[in-house]
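One structure is given below, encoded as structure tokens.
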Amino acid sequence: MVAFVHDVAMAVIAVFVAVVFRFGTFDYLEERGLFSGAILPFTAAAAISLILLRNYRTSWRHVSTADLVTIVQTATLAVLIYLPLSFVTTRLSEIPRTFVVIAWVLFIVLMSGSRVAYRLFHERGLLFMRRSMQPGQVPVLLVGGGNNAEIFLRSLDDKSEFYAVGVLDDLASGNLLRGVPVLGRIDEAEKVIESFGDDDNRPRKLVVVERTLPTEVLEQLVALVARLGLTIARIPDLSQLRPGTEDKPELQPISVEDLLGRPQIVLDPAPVMGLIAGKRVLITGAGGSIGSEIVRQVCSIGPAALCLVDSSELNLYTIDGEVARDWPQFERVARVIDVRHRPGIGACMTGFKPDIVFHAAALKHVPIVEANPAEGIWTNAIGSRNVADAAVATGCRTMVLISTDKAVNPTNVMGASKRCAESYVQALALAQSVRPNATRFVAVRFGNVLGSTGSVVPLFERQLKAGGPLTVTHADIERFFMTIREAVQLVLQASALGTQDVSAQGKVFVLDMGQPVKIVDLARQMIRLAGLRPEIDVAVQFTGLRPGEKLYEELFHYGEQIAATAIPRVNVASPRTAGLRQLTETLSRLQLVCEAGNAAEAIAIVKSLVPEFRHAGAAPQPVAVLEPVTI
Numbered sequence: 040m041v042a043f044v045h046d047v048a049m050a051v052i053a054v055f056v057a058v059v060f061r062f063g064t065f066d067y068l069e070e071r072g073l074f075s076g077a078i079l080p081f082t083a084a085a086a087i088s089l090i091l092l093r094n095y096r097t098s099w100r101h102v103s104t105a106d107l108v109t110i111v112q113t114a115t116l117a118v119l120i121y122l123p124l125s126f127v128t129t130r131l132s133e134i135p136r137t138f139v140v141i142a143w144v145l146f147i148v149l150m151s152g153s154r155v156a157y158r159l160f161h162e163r164g165l166l167f168m169r170r171s172m173q174p175g176q177v178p179v180l181l182v183g184g185g186n187n188a189e190i191f192l193r194s195l196d197d198k199s200e201f202y203a204v205g206v207l208d209d210l211a212s213g214n215l216l217r218g219v220p221v222l223g224r225i226d227e228a229e230k231v232i233e234s235f236g237d238d239d240n241r242p243r244k245l246v247v248v249e250r251t252l253p254t255e256v257l258e259q260l261v262a263l264v265a266r267l268g269l270t271i272a273r274i275p276d277l278s279q280l281r282p283g284t285e286d287k288p289e290l291q292p293i294s295v296e297d298l299l300g301r302p303q304i305v306l307d308p309a310p311v312m313g314l315i316a317g318k319r320v321l322i323t324g325a326g327g328s329i330g331s332e333i334v335r336q337v338c339s340i341g342p343a344a345l346c347l348v349d350s351s352e353l354n355l356y357t358i359d360g361e362v363a364r365d366w367p368q369f370e371r372v373a374r375v376i377d378v379r380h381r382p383g384i385g386a387c388m389t390g391f392k393p394d395i396v397f398h399a400a401a402l403k404h405v406p407i408v409e410a411n412p413a414e415g416i417w418t419n420a421i422g423s424r425n426v427a428d429a430a431v432a433t434g435c436r437t438m439v440l441i442s443t444d445k446a447v448n449p450t451n452v453m454g455a456s457k458r459c460a461e462s463y464v465q466a467l468a469l470a471q472s473v474r475p476n477a478t479r480f481v482a483v484r485f486g487n488v489l490g491s492t493g494s495v496v497p498l499f500e501r502q503l504k505a506g507g508p509l510t511v512t513h514a515d516i517e518r519f520f521m522t523i524r525e526a527v528q529l530v531l532q533a534s535a536l537g538t539q540d541v542s543a544q545g546k547v548f549v550l551d552m553g554q555p556v557k558i559v560d561l562a563r564q565m566i567r568l569a570g571l572r573p574e575i576d577v578a579v580q581f582t583g584l585r586p587g588e589k590l591y592e593e594l595f596h597y598g599e600q601i602a603a604t605a606i607p608r609v610n611v612a613s614p615r616t617a618g619l620r621q622l623t624e625t626l627s628r629l630q631l632v633c634e635a636g637n638a639a640e641a642i643a644i645v646k647s648l649v650p651e652f653r654h655a656g657a658a659p660q661p662v663a664v665l666e667p668v669t670i
């Protein structure tokens, strides 16, 4: 109400001053009846305009250009209301047109000027002085300038945790940014920090506000802060710092994902919406790392119903509770089923009748599967066959197999068993391709995902908490890495394309994983991110390659023809499989061997299905090699 009364008073002042500007005296107010013909109507019009546009409800402390636009709209509407009011009272006979223009300009100047002055006063801009650092505040040095730095600095005040002592910007060295000096270029960070000496204002944290900072520069800054004993963080997304609110910045730590150097791409959501929205979706391995992220992204699109399948009661309980909490509107069922149990998975699909199946259930930890080969083959190869057959039997529209780069020229049982799953899905897809409305099969192959259960990043995090050392199997070992969220986004995109494109039947979609990362470099980066020094504070220890482990992973087999797709970072490989009848007979025999726990014979049968499989742990046995079908 105070703001409303103030703005109405500004309208009165604007009219009086406009009279003086136009006539040079106040005598005309009474002489020409301007009090009733100009001042009262304009004041009433301004009050009506303020009420309609609610201009008085905006925060003066955070006034912005958007508020100034609203002020112009308010003044303009006041004039548009005033003119007919004044015409009714005086027919505009005694009111010059220039008087209206002057009153409009003055009303804008008075309303906006008072707001800007109020903000400047609170930011001490009227006193032309910058706040000094308060006790307990952390001195920070910003990396990057521009709009991001402007928003971050605007959010700081006496109560903030941080105090900006300077900015590093390649384009504005020597300038001031909201009173904060730009002390040098980004590559001069060490020189700038050392220039503070032992002063209390010496930066204790670097805040990266430049969202597009090159990965190599970010890596250098991480190494620098570790060497100087500082910490580093990055500004949150601009959406988290909303102008005109009391939001405070909650800085985010630099993560391993930030150092991957994978540029963000914008994907067309329409194909995935068409695939998922309003459909019945079943997800195996729903409680795992990949499966749970598929659940989240599917729920964000809006399926008709959801069936969560997992052999782990705890994992299933966790993801089911998350869906119940965040998406209670969706029909859902949760089933504890092992995909190796053919009748169980068949009955589940018959009852649920899914339109789409995402098959993410698998045993994926290489050393564990090496130690339990029959169990791994039973789950990954036979379990995938059970899910694919059930999808066909229930008339499912699309079945998506989540595969791995370890299926290419495998040296371990896990990779070979996943290659068996790929082969069966490819053979089934080719056999089904001649039938109208047949189930579409999509196999998607990609490498390691950061943060997944059993992956190297959580292992390094646990080892760091324990004080080290960080264990790496070999100095030259490399892996492809991708974030879980990005991997699932591309899986959904590939699934939509594989469903729509008839020519993609039987092909394997392969996600572009970028450049491989040396595990030892990843270990050293994680040490630096923890504010420690590799080999000094925390050691890196080499333990030797584990059974079945390769130095380098591959995404394509030499016999596969590779082609790009319309989706960025998604390629497609030509089918490479045996005939469906041969595969069915061999997998049936493989199931019996796995059920009997005969690991050696199971591995021998897998070798017959995957001729390129080179496994040092099993003795070779004379088995027939199935010839691949030429497509």
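The opening residue of the sequence shown carries number 40 in the numbering used here; numbering runs sequentially from there. Cβ atoms here follow ideal geometry from the backbone N, Cα and C, with glycine treated the same way.
Rounded to a whole number of angstroms, what is the C-alpha to C-alpha distance between Val83 and Val177? Reading off the sequence shown, one finds Ala at residue 83, where the question assumed Val. Our two residues, Ala83 and Val177, have alpha carbons roughly 51 Å apart in a direct line.
For Phe397 and Glu624, what's the separation of their Cα atoms in angstroms? Going from the Cα of Phe397 to the Cα of Glu624 covers about 25 Å.
Same chain only: Cβ atoms within 7 Å of Thr137, ignoring 5 sequence neighbours per side: Answer for Thr137: Arg61, listed in chain order.
Just how far apart, CA to CA, sit Phe519 and Val559? Their Cα atoms are separated by approximately 13 Å.
Count Cβ pairs between the stretch 509–526 and the stretch 418–436 that sit closer than 8 Å; are there 3 or more? Taking 8 Å as the limit for Cβ pairs, the verdict is that the stretch 418–436 does not touch the stretch 509–526.
Enumerate, from N- to C-terminal direction, the unbroken beta strand (DSSP E) stretches of 3 or more residues contained entirely within the stretch 350–430. For the stretch 350–430, whole beta strand (DSSP E) runs of length 3 or above, ordered along the chain, are 370–375 and 395–398.
If you draw a straight line from the C-alpha of Asp237 to the C-alpha of Arg243, how long is it? Between the alpha carbons of Asp237 and Arg243 lies a distance of about 11 Å.
Determine the direct distance from the alpha carbon of Leu122 to that of Val41, and round the result to whole angstroms. C-alpha of Val41 to C-alpha of Leu122: approximately 27 Å in a straight line.
Using beta-carbon positions only, say whether Asn240 and Val206 come within less than 8 Å of one another. Contact flag unset, no.
Gly223, DSSP secondary structure in three states: In the structure shown, Gly223 adopts extended strand secondary structure according to DSSP, grouped into three states.
Could you have a look at Lys546 and say whether DSSP puts it in helix, strand or coil? Under the three-state reduction of DSSP output, Lys546 falls in the coil class, being neither helix nor strand.
Measuring alpha carbon to alpha carbon, tell me which of Gly583, Glu651 and Tyr591 ends up nearest Arg615. Nearest C-alpha to Arg615: Glu651.
Identified DSSP bridge partners for Ser442: In DSSP, Ser442 forms a bridge with Arg484.
May I ask you to list the residues that DSSP assigns as paired with Gly205? Residue pairing by DSSP places Gly205 opposite Leu180 in a beta bridge.
Given a cut-off of 8 Å, decide if Arg501 and Asp551 are closer than it, judged by their beta-carbon atoms. Their beta carbons are not under 8 Å apart, which means Asp551 does not touch Arg501 by this criterion.
Considering only DSSP beta bridges, list what Met521 is partnered with. For Met521, the pairing in a beta bridge is given by DSSP as Val488.
Could you work out which residue in Val348, Asn637, Gln554 and Asn476 is closest to Thr323 when comparing CA atoms only? When C-alpha distances from Thr323 are compared across Val348, Asn637, Gln554 and Asn476, the shortest belongs to Val348.
Taking just the CA atoms, how far does Ala399 sit from Glu599? The C-alpha of Glu599 lies about 23 Å from the C-alpha of Ala399.
Can you give me the C-alpha to C-alpha distance between Arg281 and Arg250, rounded to a whole angstrom? Only weak support is given to the placement of Arg281: the predicted model assigns it a pLDDT of 47, under 50, and the value that follows is read from those uncertain coordinates. Cα to Cα, the separation comes out at about 17 Å.
Excluding five sequence neighbours on each side, which residues of the same chain lie with their C-beta closer than 6 Å to the C-beta of Leu166? At Leu166, the pLDDT of 44 sits below 50, so the modelled position is not reliable; the number obtained from the coordinates is stated separately. No residues qualify anywhere along the chain.
What number of angstroms, rounded off, separates the C-alpha of Arg154 from the C-alpha of Tyr202? Answer to the nearest angstrom: the Cα atoms are 26 Å apart.
Backbone CA spacing between Lys318 and Arg436 [nearest angstrom]: Distance between Lys318 and Arg436, taken at the CA atoms: about 10 Å.
DSSP on Pro292, reduced to helix/strand/coil? Residue state, collapsed to three classes: strand.
Less than 6 Å between C-beta atoms, sequence neighbours within five positions excluded: which residues of the same chain meet that for Leu629? The residues are Ile644.
Just to confirm the assignment, what range does the beta strand (DSSP E) spanning Thr510 have? Secondary structure note for Thr510: its beta strand (DSSP E) is the uninterrupted segment Leu509 to Val511.
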